[in-house]
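Notes follow the structure.
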Amino acid sequence: MEKTIFLKKKAAQIRMNLLKMIYQAKSGHTGGALSSVDILTVLYYEVLHVTPENPKDPDRDRFIMSKGHSVEGLYNILADKGFFDPQELNTFSSYKSRLIGHPSVKVPGVELNTGALGHGLSCSVGMALAAKKFNPGVKVYCVMGDGEQAEGSVWEAGMAASNFKLDNLTAIIDRNYLQISGNTEDVMRLDKLAEKWKAFGWDVHEVDGHSIADLVAILKAPPIPDTPKMIIARTTKGKGISYMEDVAKWHHGVPTEEQFNQAMKEIETYIQELDKK
Amino acid sequence: MSNGKQSIPCRKAFTDTLIRLAADNPDIMVVTSDARGSVTLNDYANRYPEQFVEVGIAEQNEIGIAAGIASFGKKVFVCAPACFLSTRSLEQIKVDVVYSNNGVKVVGISGGVSYGALGFSHQSLHDIAVMRTFPNMSVIIPADRFQTEAITEWMTRTEGPVYVRMGRAAVPDVYTSADGSFTFGKANVLSPGSDITVIASGEMVEKALKASQILETDNVSMRVIDMHTIKPLDREVIVAAAKETKAIITVEEHSIFGGLGAAVAEVVVSEHPVPMKILGIPDEIPIEGESKDVFRHYNLTPEGIAKIAHQMLQKT
């Protein structure tokens, strides 16, 4: 219970920090960053074996942010964990900054340049294959968007992962039902997403993507031998900020001063409530 | 230099070399997309199943997987028809390989019009143009089996991304051994020549050499340069040719846009302008036929090159 409270509080702080970063830079993919924060928090503070003091350790777990536009949470977590000086977050999206709007391998802790959707899972399959052959024990985790599922290459990779029996690979879909043009089911229907992944040979789990306890449980559960794990995490785009939740325009909306102050207040109130528990 | 002997295809020389090198190098990994037969990878796959990955007909996934394996410090060779690798997987080459610093060796086989009669879907006449715009990407076309062997050995020692394009058919030998046939980024001057220069790459090198022999009987002295490395380009050898001969002809199995000819012209116009002719496939869907028919149709033959050389010299 104590651990869950710690992770909830950590996720809330990451939400505050990423909103500050976006507000200051006047640029960012706010909605998707907020929907994926709880997933990233559980991964980085509870699941992944990564060491900031040795970011290239050959035996580290690999994390791939395939929905690269939700980079803001990742940068804030990497800074918080000590991969780089948190002061650098102030340079987000500015001239000569390595903290650009999609993950960059120039940033310590980032494994792959993403941004073009539908690439991350293929690279994760390659990494999981290499891990099996050369660095047994290394696990690979890949976060994808739900809009991203329309990319054909995602399914090429999905077929390969089960063909190669990659039980060291876990993929997580940030299932917030919104993409830039609107609801995923209106833009390009995903419909029975879990059944699709099951048919591709994956061990599929549907969870509440904002339930820290559920995410910890499923991410730490041992895999079914020879089977890659798919977690469809039901999330809310803009999670944690009342006026952003489930509103498509916050995909890359930047808050006004008034909106920013309100957002900070909402998260502070949430943290105070957690402290009372 | 050339003994003109009909030999084995470059793709076979490539896989023979990989088979030899993989025996002592467990870091070599080969990824293919249902192209074992086309690439001549069956022997390799049978001998080194642990160093071989088959992804099925999925070229985008193929490059992504290769990039993921390369990120573990492995020497990854992706082998598939050039037409698919250079088009279907282009975004993966751009982002997963080049941008993410994963030094995958992309080996496109049966490039250019090798698949001639199979049509434009199976031709790659844009690949050199596209690949050479990617920062840090090296672009190479071997002229024969010996040079292919040397290039393959070099690739197992080099870190960065490389695009190598090979043809399908056996080509006559240009060199007599792998030794001395390839220095990365340094062109080979195969015949001195003082009147005019021909710069060729890949299968066109042998035709250029034969053209120089035809011209010799007409008392025309043609310098023949094998520009195996199109990026980084050997600027020095081009500037010397521009200064020491009257004109330059480039010959390539590629669109006249953006390939070897364009790369050479970029140097010539900025360093020492001389008349140039870029010989290749013009701005059209190539004429139907086998590769030899296509070559003949577009003057990509010894006779065609010799004819163009005479025309150029008359103008100068």
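Taken in order, these protein sequences are the chains called W and P. The first sequence maps to residues 2 to 278 in the numbering used here. The second sequence maps to residues -15 to 300 in the numbering used here. Each residue gets a CB set at the ideal place from its N, CA and C atoms; glycine is no exception.
Identify the continuous alpha helix (DSSP H) that holds residue i and give its terminal residues.
i         : result
Tyr76(W)  : 72 to 82
Asn45(P)  : 43 to 54
Gly288(P) : 286 to 299
Glu228(P) : 219 to 228
Gly127(W) : 121 to 135
Glu137(P) : 129 to 139
Thr5(W)   : 3 to 26
Tyr271(W) : 258 to 277
Ala113(P) : 111 to 115
Closer than 6 Å by C-beta to residue i: which residues in its own chain qualify, once you throw out the five before and the five after it? Chain order, please.
i           : result
His256(P)   : Val223, Ala226, Lys227
Val173(P)   : Ile209
Gly159(W)   : Phe201
His281(P)   : Ile271
Glu157(W)   : none
Met(-15)(P) : Low confidence applies here, because Met(-15)(P) scores a pLDDT of 49, under 50, leaving its location unreliable and the question unanswered by this model.
Ala6(P)     : Ile12, Tyr32, Gln35
Gly146(W)   : Lys68, Asp175
Leu118(W)   : Glu149, Glu152
Thr(-1)(P)  : Thr24, Leu25, Tyr28
According to the Cβ coordinates, are residue i and residue j closer than 8 Å?
i          : j         : result
Leu8(W)    : Val43(W)  : yes
Ser125(W)  : Leu191(W) : no
Lys11(W)   : Tyr46(W)  : yes
Gly148(W)  : His103(W) : no
Ala129(W)  : Val141(W) : yes
Gly33(W)   : Asp247(W) : no
Pro(-7)(P) : Ala154(P) : yes
His206(W)  : Ile219(W) : yes
Gly83(W)   : Ile53(P)  : no
Val248(P)  : Met188(P) : no
Gln25(W)   : Asn91(W)  : yes
Gly210(W)  : Ile101(W) : no
Starting from residue i, find everything on chain P with Cβ-Cβ shorter than 7 Å and list it in chain order.
i         : result
Glu157(W) : Ala42, Gln44, Asn45
Val106(W) : Ser84, Asn85
Ser212(W) : None at all; the shortest Cβ gap to chain P is about 30 Å.
Ser28(W)  : Ordered by position in chain P, no residue passes the 7 Å Cβ test against Ser28(W), which lies about 20 Å from the chain.
Name the chain P residues that come within less than 8 Å of residue i, Cβ to Cβ?
i         : result
Ala161(W) : Val39, Gly40, Ala42, Asn45, Ile49
Ser243(W) : Near Ser243(W) there are no residues of chain P at all, since even the closest Cβ is about 36 Å away, more than 8 Å.
Would you kindly report the start and end of the unbroken beta strand (DSSP E) that includes residue i?
i         : result
Leu121(P) : Going by the sequence as given, residue 121(P) is Met instead of Leu. Neither: Met121(P) is in no beta strand (DSSP E) and is coded neither H nor E.
Ala162(W) : Per DSSP, Ala162(W) belongs to no beta strand (DSSP E); it is in the alpha helix (DSSP H), 153 to 164.
Gln65(P)  : Inspection of the sequence shows that residue 65(P) is occupied by Pro rather than by Gln. Taken as a continuous stretch (DSSP letters only), the beta strand (DSSP E) holding Pro65(P) covers 59 to 65.
Tyr96(W)  : Element bounds for Tyr96(W): n/a, residue is neither H nor E.
Glu236(P) : 232 to 239
Leu170(W) : 170 to 176
Asn172(P) : 172 to 175
Gly146(W) : 141 to 146
Arg149(P) : 146 to 149
Applying a beta-carbon distance threshold of less than 8 Å, which residues of chain W neighbour residue i?
i         : result
Lys58(P)  : Ala131, Phe135
Glu34(P)  : Lys134
Ile292(P) : Within 8 Å Cβ-Cβ: nothing; Ile292(P) doesn't reach chain W, min ~42 Å.
Ile53(P)  : Gly127, Met128, Leu130, Ala131
Identify, in the order they occur along the chain, each residue of the same chain with its Cβ nearer than 7 Å to the Cβ of residue i, setting aside the five sequence neighbours on each side.
i          : result
Asp227(W)  : Lys166, Asp168
Asn136(W)  : Pro59, Asp60
Ser105(W)  : Arg99, Val111, Asn114
Lys(-4)(P) : Thr24
Val123(P)  : Ile112, Met115, Arg116, Tyr147, Ile214, Lys215
Val252(P)  : Ile222, Ala226, Ile232, Val258, Met260
Chain W partners of residue i, CB-CB under 7 Å?
i         : result
Val245(P) : As written in the sequence, residue 245(P) is Gly, which differs from the Val given in the question. Per Cβ cutoff of 7 Å: no residues; Gly245(P) is ~31 Å from chain W at best.
Given that residue i touches chain P, what residues does it touch there, using C-beta distances under 9 Å?
i        : result
Ser37(W) : Chain P residues near Ser37(W): none, gap ~20 Å exceeds 9 Å.
Taking 8 Å as the limit between beta carbons, can you name the residues of its chain near residue i, skipping five residues before and five after?
i         : result
Ile6(W)   : Leu275, Lys278
Trp288(W) : It is not possible to answer for residue 288(W), since the shown part of chain W is limited to 2 through 278.
Gly183(W) : Ala249
Ala162(P) : Phe130, Gln131, Glu133, Ala134, Glu137
Glu75(P)  : Gln44
Cβ of residue i within 7 Å of any heavy atom in the ligand FMN?
i        : result
Glu46(P) : In the structure shown, the ligand FMN is absent, as is every other ligand, since no ligand is present at all.
- Taking a Cβ distance cut-off of 7 Å, strictly less, list which residues of the region 64 to 85 of chain P are near chain W, in chain order. Glu75, Gln76, Val79, Asp80, Tyr83, Ser84, Asn85
- Message: Output needed in chain order: residues of the region 118 to 134 of chain W with a Cβ under 7 Å from some Cβ in chain P.
- Response: His120, Ser123, Cys124, Ser125, Val126, Gly127, Met128, Leu130, Ala131, Lys134
- Going along the region 180 to 195 of chain W in order, which residues come within less than 8 Å of chain P, judged by CB to CB distance? none
- Message: Which residues of the region 89 to 116 of chain W have a Cβ closer than 8 Å to any Cβ of chain P? Give them in chain order.
- Response: Val106, Glu112, Leu113, Asn114, Thr115, Gly116
- Item | Residues within the region 59 to 76 of chain W neighbouring chain P, beta-carbon criterion of under 7 Å | none
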